[in-house]
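Presented below is the structure to which this report refers.
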Amino acid sequence: MSVLLLPILLPVLFGIVLLICPEKWFAKKDTGRKKLCILAATALVLTGLLVVRTLFLKDVGEYYILFYLTRKLPVQFHLDGIGKIFATVISVVWLLAGIFSFEYTKHEHKEKRYYGFYLILYGVLNGLCFAGNLVTFYLFYELMTLVSMPLVLHEQTREALIAGLKYLFYSFAGAYMVLFGLFCLSRFCLSNTLTFGAGGILDPTLVEGHETLLLVTAFLMILGFGVKAGMFPMHAWLTAAHPIAPAPASAVLSGVIVKAGVLGVIRVVYYLFGTQFLRGTWVQYTWLTLALLTVLMGSMMAYLEKGFKKRLAYSTVSQVSYILFGLALMEPAGFTGAVLHSVFHAIIKCALFLTAGAVIYKTGKKNVDDYRGIGKEMPITIWSFTFISLALIGIPPASGFISKWYLAAGALESGIRGFAYAGPVILLISALLTAGYLLPITVRGFLPGADFDYTKLEKKEPSALMTVPLVILAVLAVLLGMFPNGLAQMISRIAAAVM
Amino acid sequence: MNPIFLLVVILIPLLGGVLIPFLPFRSRKQFEIYTEVVVIMASALVFLLMLKRPSDPFTLIYFTGDLTISFRMDGLSMVFGGMIAFLWPFATLYAYEYMRHEHNPVGPRHERSFFCFYTMTYGITLGIALAANMLTMYCFYEMLTLITVPLIMYTMSREAILATRKYMYYSLGGAGFAFIGLIFMIVYGNINFQYGGTLNPDLIGNRKNLLLLIYVMAFFGFGVKAAVCPLNSWLPQAGVAPTPVTALLHAVAVVKSGAFAILRLTYFCFGITFLRGTWAQYLVMTAAMITIVYGCSRAVKETHFKRRLAYSTISNLSYILFGATIMTPLGLTAALAHMLFHGIMKITSFFCAGAVICQTGRTYVTQLDGLGKKMPRVFGIFALSSFALMGVPGLCGFISKWYLASAAFESNQVLACFGVGALLISAILTAIYMLTIVIRAFFPKQGFDESSLEGIHDPGLYMLIPLFVFSAVIIYFGIHSVSLLDFLTKVGNGLI
Amino acid sequence: MNFICNFPCFSIVLCIFGGIISSALKGRAAKYLNAFILAVVAVMSACVLGYTLQTGESFTYVMGRFPAPWGNEIRAGVLEGGMALFFSLIMILSLFAGREKLNEEVDPEKMNLYFIMINLLLSSLLALVYTNDLFTAYVFVEINTISACGLIMIRQTGRTIEAATRYMIMSLLGSGMLLMGICMLYDMTGHLLMENIHANVQILAESGQYHIPLMVTIGMICVGLAIKSALFPFHTWLPDAYGYSTVSSAAILSSLVSKGYIFLLLKIIYRVVGFDVIYGSRVTDILFVFGLAGMIMGSLSAIKENDIRRMIAFSSVAQIGYIYMGFGLGTQVAVVASVFHILSHAATKSLLFISASGLVDASGGSKKFIDLTGSGYRNKIAGVAFSVGALSMVGLPLFSGFISKLLFAQAAVRNSGKMLPTLIVLAISTILNAIYFMKTVIRIYTPVESEYPVIPVKRHKVFGLAMVCFIALNVFLGLCSDLVIRLIETGLSMFA
């Protein structure tokens, strides 16, 4: 039990201590900052180690109950494959983005608050991964929104406040749609505590006659979690909130927090309702349509958008819908592709935003058109960026290719009318668009053209604290593509268990 | 325990309060101690009575026929009476500090008379809780209206007088219609409260529709105090009263008396077997649902701090009424749970608002920028109460909402399912109107002038202690509510 | 025949002689004589009441040596004795309370005239209560009219003369119709004694002979008395008359004069025409409708008023509407309610008028509301008394008004046809009453800086004492109503 609770409590405690500590302890310019960073780093590393340890534990069959909210609603924790994978990815991204932010926040203010909430959010996300039933998941989901809001609002400019409120509104609307499901479902399930069970926990005898209600509930829950995952039509908050947060925060928002929504969808579809109930229904078709629509729309908007961070935000919208598409197929290959892409995209998007952060930190330029010749100014940064873009586009042997392969295979295998072919086609179009919005930056960065004033170039490489995480992430992105088997097998086993 | 204590517990605050203007207090301290002692004595006696319940009712006066004024402690009385007894001592403590700063237009004796009426209100609310039959409840209900009038009118400003008048007209008018319900119970049944209703089936005959009409009239009559649409415009206007009044009376005592009366009317007079499935039930359930959404929508648009919280109260009261109109034992349990939890959450919010007004004099939400840094405890607790009102799991608000939704789904009625939708819409609106205040306080806009906050600090202990205690209760019941909810379930099923 | 049986006759004769002697006395002596007579009358009525309760039946007293059906008769039972006692009590209290004001309002030379009128008024009231003969009733109705007119006019200003004239005209109209009705009744039945008429009317009703003339007669009598007792729409004389006369006069006029006529109407319904015939004739439906209309219109007009005494006078119109509504309902229970309301209204209305005059005195003699602000603090006892009266009018439990409302509502519920309009109008009327009475109560307790003199209780002890007695009477009727209602029921059973 403590194995599960420690990764949750440790960062939360550290974070709370940081928030409560009076400002004076960290007031001194450099030593104060150093103290802060060391404290945060300790927390991150310790927790990361704890999480990685769980990877090596066998799936524990038991469910640990912490306390009962009401007679029927325990707060329950459980360790299973999906949880382990997501927790590990979260830890990796969190640690690296954390190290990056030690340098980045030099030109921010109110760092103590930032790190405090950063750590608490880490603990909450771990809780989300280890949640054993819907109530626990929902509890941590709401906490996640509440705790991530200060990160969005950090700059406290007018746009930041509006973006924060938008984030709040959309997130809670989504959460309450899920709540409807929470209220409605317990009567129809085998276990009335809504504990997650592989393959679903609906009781067929109880379900008889209430199918419409349950389908509507399922749809609402998918939409509700889809808000966090930026599925059309509830994506508007994402493109407002992600660009406006400080770059490391955007990295984790785009990389990890949207995956919380994905995890929610996985739990709902595969561990609560079960694919048997949902396959072939209007719920699945609508979901597939929405996902494909988002993929296309996101890529197109990213292509047209000139602001760097906003372009990356639209890219997130599009990429996460790849994952949702894969999940909607309800096929083993699709599922594998989706989870693989969750892992890869987390790493990739985190790196992309960190790059954006580094570029803006060093040059102050936010528009893509201003980035001519930047490759010469920050070579390591832009080279990492290039490899990561290749991974995202899906060029072998980088990781993106593997996940997209599985997705396409899953689509064709599913044999669903129309979508079986439309899926891969749209994925292909989107890949082209992705190339279109990522590669020009690299190209113009290294080869700015004949009419460029080369004398204006200066060396602006950021410090090691920033470049090392970037490089690590780029390497991971490529390596995982070259040696995906361990991960893919693990996921396939999970897929087999739930379908 | 001897039933006469049922009368004694009502008389202690009544007499104690009446004596206040006449006793010669030599200092403010003496006067504060006296009042607090009276209130604590009454509360202690209430808890004692809850532990050792007298089995018989106590009759005070015999009117004509078999109409009597009698008192009794049953399950519902324990819940309502217990809540009032717990909250009143803290509220009195809070009021001491608040009234010190409040503008007193008449003179020092005016403040004494304030506390006189404040304490007497306690006695009368206990009377409503302990009423054994509808006539007693009705009598104390009318008296409650009267005894709270001087409290609302305290500042004697033009606004206050207009608000008082409106309050009086609405309340007395509503009581007039509730009176009709009382009459019918006298004729068609028994006015003594009994779980499951006391209507005599032989007498009803083919007059069912008439009785349903009377029920609806009585519902709206009592519903005036419970601020059901469209009779709720008195409540936001009454926000002009001093905060201890608004907090305790209009978030806890007065409005919950209205809801309590409706619970008695539905479950203990007319009875749910008679009412369930009829057009009357649909009508009142729709009214409750409309109020839920209406209250929240108005709250979002409102910029005056206390009025915003008043609209929030209107909406939350209809949660309780929604639970009542589901008309199942689980519905009653849910309604009672929300009555308790909302009382604590809302009084916390109002006390925080009062602390802000007291310390800074700022009454509008737009003026609260950046105050979170200067009054961290107050705004921290306000944030906690906001989360609780929104229904974040881990705090008590989630528990009562869970029970309400469970009751709605269990009842198998389509309208109730829509009611759950209304609850959720209301939840998102609650998030908006509460969290925007919290965000403003802790994350003011860039370029905000910090010097305008000079000299502002957290209020004194008298105000902070109640806030801390209430926060602890909110968290405690969020995590460990099982024993309390078991008790409420028993009450809901009529076993206590 | 017991000595006590002479008492009714003695009381009437004593009053008449008192009036005659007063014409020769000076003001002060007349006052003391009047007080003495009142005391004696009260004692005698109490004895009659006690005696009839003991024997359990009413007795008939033959005037002179002429037996029925040629001679004159007096009949006394529990109801008559109780009424007489009550009327004399109210008169004593009203005169006490208004004693000091009287010296200011009436010229010293005219003082004995005033007491002549009072004595004549009392005698006519007693006669109306006790008489068993229609013609005697008519004679004393006229005496009543004249003395009432005299009371109004005793204070000679332009307004009172106009009011008195208006009163005279309307009253004579009513008397005229009454006279015509009596003549026609005499024509048809050949008798003037009530029991004899009754027997003949029964025969007529059964045989169907003279059906239309009988109906017309009943109609004329009822309308005639209705005009005299200010039933809507014949009430226009009332506000002027009550509004501008002296304080004691207003109290006595509003409480007692119209009640005498109503009591006569009651007698005619029960003893002359018979319960069934009257209700078969549908005249009572008309009375019912006018009663309902009066309840609403009276209150609406009161809301518009700017002068406190006229407001209270319009309130009387509404209250008389209640009584007629009770008659119109057509059941025994309703009549009991109406009789109780006669008592309750008499007690409350005089209380209101006298306390209003106290408040007016504390505001420099002005009757306008704007000047009355805060007068509750300047004349404390009048303020409290007015509040009690107002609360009783609104129908708050503990006071007599609540019991009246309760009785009326219960009576209405048992009558299926007229139930819903009655209950709804009762509720609306409560709201309307609340509006104007509560507004006034709030106003008199709104503190304001003013130069008006403060009237301490110590200097006006008699006034204070009278107020306390009135309040006690009201509360007695409110709390011990059971006793009173039982007396009324016993009285009604031996009335016919």
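Protein chains in written order, with numbering that gives the first Met the number 0: chain A, 0 to 498; chain B, 0 to 495; chain C, 0 to 495.
Where a beta carbon is used, it is the ideal one built from N, C-alpha and C, also for glycine.
| query | Hey, quick one: how far does the beta strand (DSSP E) through threonine 332 of chain B stretch, first residue to last? | reply | Segment 328 to 359 is the alpha helix (DSSP H) holding threonine 332 of chain B; no beta strand (DSSP E) there.
| message | Can you confirm whether glycine 175 of chain B, when its beta carbon is compared against all beta carbons of chain C, has any partner nearer than 8 Å? | response | yes
| Cβ pair tyrosine 166 of chain A, tryptophan 93 of chain A closer than 8 Å | no
| field | Cβ-Cβ separation, valine 412 of chain C to valine 215 of chain B (assumed contact under 8 Å), whole Å | value | At roughly 17 Å, the Cβ-Cβ gap does not stay under 8 Å, so valine 215 of chain B and valine 412 of chain C are not in contact.
| field | CA-to-CA distance, alanine 86 of chain A to proline 331 of chain A, given in whole angstroms | value | 22 Å
| field | Neighbour flag for threonine 372 of chain C against chain B, beta carbons, 8 Å | value | no
| message | Would you call the stretch 379 to 387 of chain C in contact with the stretch 120 to 130 of chain B, where contact means no fewer than 3 C-beta pairs closer than 8 Å? | response | no
| Any idea if phenylalanine 304 of chain B is buried or exposed, counting beta-carbon neighbours within 10 angstroms, 16 or more meaning buried? | buried
| message | Less than 8 Å between CB atoms is the rule here; does serine 480 of chain C satisfy it with respect to chain B? | response | yes
| request: Could you please give the first and the last residue of the uninterrupted alpha helix (DSSP H) stretch that includes methionine 187 of chain C? | output: 157 to 188
| field | Boundaries (first-last residue) of the alpha helix (DSSP H) holding serine 69 of chain B | value | First-last for serine 69 of chain B: 67 to 70, but that is the beta strand (DSSP E), not the alpha helix (DSSP H).
| field | beta strand (DSSP E) runs contained entirely in the stretch 359 to 421 of chain A, provided each spans 3 or more residues | value | none
| query | Start and end of the beta strand (DSSP E) containing leucine 72 of chain A? | reply | 72 to 76
| request: Determine the chain C residues that contact glutamate 110 of chain B at a beta-carbon separation under 7 Å, and present them in chain order. | output: Correct list: empty, because the minimum Cβ distance to chain C is about 14 Å.
| query | Which residues does DSSP pair with glycine 270 of chain B in a beta bridge? | reply | DSSP lists no partner for glycine 270 of chain B.
| request: For arginine 186 of chain A, I'd like the list of residues in its chain whose CB is within less than 8 Å of its CB, leaving aside the five on either flank, ordered along the chain. | output: Leu205
| field | 8 Å Cβ cut-off: residues of chain B touching threonine 156 of chain A | value | Lys444 and Gln445
| field | C-alpha gap between proline 229 of chain B and phenylalanine 4 of chain B, whole angstroms | value | 40 Å
| Which two residues bound the contiguous alpha helix (DSSP H) that contains glutamate 99 of chain C? | 77 to 104
| request: Below 6 Å CB to CB, which residues in the same chain sit around tyrosine 275 of chain B once its five sequence neighbours on both sides are set aside? | output: For the sequence presented, residue 275 of chain B should be read as arginine rather than tyrosine. Cβ neighbours of arginine 275 of chain B beyond the five flanking positions: Met326.
| Classification of threonine 32 of chain B by the beta-carbon crowding that lies within 10 angstroms, buried from 16 upward | Residue 32 of chain B is actually isoleucine in this sequence, not threonine. Exposed, since its Cβ has fewer than 16 Cβ neighbours within 10 Å.
| Taking Cβ positions, are threonine 362 of chain A and lysine 459 of chain A nearer each other than 8 Å? | yes
| said: Give me, in chain order, the residues of the same chain whose beta-carbon lies closer than 6 Å to that of serine 384 of chain B; leave out the 5 immediate sequence neighbours on both sides. | reply: Met344, Thr347 and Ser348
| request: Taking C-beta pairs closer than 8 Å, name the residues in chain A that serine 480 of chain B reaches, listed in chain order. | output: Leu68 and Thr69
| said: In whole angstroms, give me the CA-to-CA distance for phenylalanine 381 of chain B and leucine 209 of chain B. | reply: 47 Å
| field | Stretch-stretch touch, CB-based, cutoff 8 Å, three pairs: the stretch 322 to 341 of chain C with the stretch 380 to 395 of chain C | value | no
| task | Whole angstroms is fine: what's the gap from alanine 162 of chain B's alpha carbon to isoleucine 151 of chain B's? | result | 8 Å
| field | Whole-angstrom distance between phenylalanine 447 of chain B and alanine 244 of chain A, CA atom to CA atom | value | 19 Å
| Interface partners of alanine 239 of chain A on chain B, CB under 7 Å | Residues of chain B passing the Cβ test: none, with the nearest at roughly 15 Å.
| Around the Cβ of phenylalanine 276 of chain A, are there at least 16 other Cβ atoms within 10 angstroms (buried) or fewer (exposed)? | buried
| Does threonine 327 of chain B come within less than 8 Å of chain A when only Cβ atoms are used? | no
| query | Okay, do the stretch 442 to 450 of chain C and the stretch 368 to 376 of chain C touch, 3+ Cβ pairs below 8 Å being the bar? | reply | yes
| query | To the nearest angstrom, how far is it from the Cα of serine 343 of chain C to the Cα of proline 2 of chain B? | reply | 34 Å
| message | On the CB-based measure, 16 or more other CB atoms within 10 Å of its CB, does glycine 363 of chain C come out buried or exposed? | response | exposed
| task | Check whether the Cβ atoms of proline 232 of chain A and isoleucine 119 of chain A sit closer than 8 Å, and answer yes or no. | result | no
| message | Which complete alpha helix (DSSP H) runs does the stretch 228 to 281 of chain C hold, if anything under 4 residues is left out? | response | 236 to 243, 246 to 251, 257 to 266 and 274 to 279
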